[in-house]
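Asks: For the sequence shown, position 284 (counting from the first letter as 1) is numbered 283 according to numbering that gives the first Met the number 0, and the numbering increases by one without interruption. Every residue, glycine too, gets a C-beta built ideally from N, C-alpha and C. These numbers were taken from a predicted model, which means no experiment stands behind them. Would you mind keeping the following structure in view while I ask a few things?
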Amino acid sequence: MTHRNLGRGAVTAVLAAALAGLAPQAASAADTPAPPRAPAAASVAAAHEAASAPDTLKTLARFFARDGRVTLKAARPHIEGATVPVYVLSPDFVRGRAGAPVAKLDFLASRAVSADGQEASVWTVRPEGADAWRVVNIASGADETAYAAKAAAQGGTLFREPQIDAWYVQRGDRVLPLDADAKRAVGAAGTTVAAYQKRVHAAYGDKLPGSAYDRRGEAGGYGGDTGSGAAPDGRPAAADRPAAGTAAQPVAAAATDGSGPLVAVLTALGTLVVLAIGGALVSRSLRR
Numbered sequence: 000m001t002h003r004n005l006g007r008g009a010v011t012a013v014l015a016a017a018l019a020g021l022a023p024q025a026a027s028a029a030d031t032p033a034p035p036r037a038p039a040a041a042s043v044a045a046a047h048e049a050a051s052a053p054d055t056l057k058t059l060a061r062f063f064a065r066d067g068r069v070t071l072k073a074a075r076p077h078i079e080g081a082t083v084p085v086y087v088l089s090p091d092f093v094r095g096r097a098g099a100p101v102a103k104l105d106f107l108a109s110r111a112v113s114a115d116g117q118e119a120s121v122w123t124v125r126p127e128g129a130d131a132w133r134v135v136n137i138a139s140g141a142d143e144t145a146y147a148a149k150a151a152a153q154g155g156t157l158f159r160e161p162q163i164d165a166w167y168v169q170r171g172d173r174v175l176p177l178d179a180d181a182k183r184a185v186g187a188a189g190t191t192v193a194a195y196q197k198r199v200h201a202a203y204g205d206k207l208p209g210s211a212y213d214r215r216g217e218a219g220g221y222g223g224d225t226g227s228g229a230a231p232d233g234r235p236a237a238a239d240r241p242a243a244g245t246a247a248q249p250v251a252a253a254a255t256d257g258s259g260p261l262v263a264v265l266t267a268l269g270t271l272v273v274l275a276i277g278g279a280l281v282s283r284s285l286r287r
């Protein structure tokens, strides 16, 4: 009898120890925010259509020919590959709001290629109150789609911390670096979501929309709460503005897909072309 009781006690102790070991892991999993909701397939298709519209391709031809590397006629740009969502560090995550995703949808990007091999990234958004996706920016290079492919290969969500121009992938409770800026911020091995939140809160927590820093017009890292990502901390590269009458062709958008209407706050990624849309110019926030 005594022997059975001792055995039962030993088993209980072993189980208790095992459960105690699992408890921190369970708590960590519960504390890890869910990734941001992906845009609906119909919205991605509409954004891709806007990026490949005839007016957009004409503007791309001028963009690729701007330095004389190729003639306007010979540029023959086309959209290559899939249109991908680009997420940006979320102010709610910086604040520490419970359950807030690390990042929020900022815009959709498509890779454009010219006949001589130049690359550009075409940014599309659905402005608040609009029923169409529109091209708002063309940036040299193809960082967005290249990093999106790397993030997909790692099974995570790509996002950007625009204040330091760093690209990451969130995979479960880990934030992993994708470029040199991100490695300098979190180390080559990355960090936990919780540790990353502490870092960005310390860096930007007093600079969020509505803060005294913001009210003084010094929002270096965050613009107004526009429904898109954060504004950059720094001046943009030199921009080429297309001639009048070269607005990108809008394409009807799908129903709201969980991300809500997007209003892009453009970030500096190489040479930029800001497109005139519907007679209005979408420009970046330059507040410091």
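Inspect the beta-carbon positions of P76 and L104 and report whether they are closer than 8 Å.
Replies: In this structure, L104 does not lie closer than 8 Å to P76 by Cβ.
Asks: Can you give me the Cβ contacts of R173 inside the same chain, cut-off strictly under 6 Å, excluding the 5 residues immediately before and after it?
Replies: So the qualifying residues of the chain are G189.
Asks: How big is the Cα-Cα spacing for Y203 and T70?
Replies: In a straight line, the C-alpha of Y203 is about 45 Å away from that of T70.
Asks: On the premise that W122 lies in contact with G112, defined as a C-beta separation below 8 Å, what is that separation, rounded to the nearest angstrom?
Replies: Reading off the sequence, residue 112 comes out as Val, not Gly. The pair is not a contact, with the Cβ atoms about 16 Å apart (cut-off 8 Å).
Asks: In whole angstroms, what separates the C-alpha of G222 from that of L207?
Replies: Any reading at G222 needs caution, since the residue's pLDDT is 44, under 50, leaving its predicted position unreliable; the model's value is listed next. Computed Cα separation, rounded: 8 Å.
Asks: Roughly how many whole angstroms lie between the Cα atoms of D66 and I78?
Replies: So the two alpha carbons sit approximately 21 Å from each other.
Asks: Whose C-alpha, out of A194, H200, F158, A187, is nearest the C-alpha of P34?
Replies: Selected option, being the one with the closest Cα: F158.
Asks: A145: which of F92, E118, D130 sits nearest, CA to CA?
Replies: Among F92, E118, D130, the Cα nearest to that of A145 is on E118.
Asks: Find the nearest neighbour of Q196 within the set G186, V101, D130, F63, judged by alpha-carbon distance.
Replies: Closest option to Q196, Cα to Cα, is V101.
Asks: With DSSP run on the structure shown, which of helix, strand or coil describes Q196?
Replies: If DSSP states are grouped into helix, strand and coil, Q196 belongs with the helices.
Asks: Can you tell which of K57, G155, H47, G116 has its C-alpha closest to the C-alpha of R68?
Replies: For R68, the nearest C-alpha among the options comes from G116.
Asks: Name the two residues that bound the continuous alpha helix (DSSP H) containing E291.
Replies: Outside the shown range of the chain (0 to 287) lies residue 291, about which nothing can therefore be said.
Asks: Count the other CB atoms, across all protein chains shown, that sit within 10 Å of the CB of A141; report buried if there are 16 or more and exposed otherwise.
Replies: The residue is buried, with at least 16 neighbouring Cβ atoms inside 10 Å.
Asks: My understanding is that W132 touches A49, with C-beta atoms under 8 Å, so please give their C-beta distance in whole angstroms.
Replies: Contact flag correct, Cβ pair sits at about 5 Å.
Asks: Applying the criterion that 16 or more other CB atoms from any shown protein chain within 10 Å of the CB defines a buried residue, is P176 buried or exposed?
Replies: P176 is buried by the Cβ-count criterion.
Asks: Only counting runs of 4 or more residues, tell me where the alpha helix (DSSP H) segments fall wholly within the stretch 145-203, in order along the chain.
Replies: If we require 4 residues or more, the alpha helix (DSSP H) runs fully inside the stretch 145-203 come out as 179-185, 192-203.
Asks: Using only the alpha-carbon positions, how far apart do A44 and R110 sit?
Replies: A44 and R110: Cα-Cα distance of roughly 14 Å.
Asks: S113 by DSSP, collapsed to three states: which one?
Replies: Residue state, collapsed to three classes: coil.
Asks: Between which two residues does the alpha helix (DSSP H) harbouring R94 extend?
Replies: Its alpha helix (DSSP H) spans residues 90-94.
Asks: On a CA-only basis, which of P84, V192, G80 is nearest G98? Give me that one, please.
Replies: Of the candidates P84, V192, G80, the one whose C-alpha sits nearest the C-alpha of G98 is V192.
Asks: Could you tell me how far apart the beta carbons of V83 and E143 are, in whole angstroms, since I believe they sit closer than 8 Å?
Replies: That pair is a contact at about 6 Å.
Asks: Mind checking which residues open and close the alpha helix (DSSP H) that includes A33?
Replies: Taken as a continuous stretch (DSSP letters only), A33 belongs to no alpha helix (DSSP H), as it is neither H nor E.
Asks: Can you check which of these residues, S51, R183, V168, S42, is closest to K149 by C-alpha distance?
Replies: With distances taken between Cα atoms, K149 lies closest to V168.
Asks: Out of G95, L107, S139, F92, which has the shortest C-alpha to C-alpha gap to Y86?
Replies: Considering only alpha carbons, the answer is L107.
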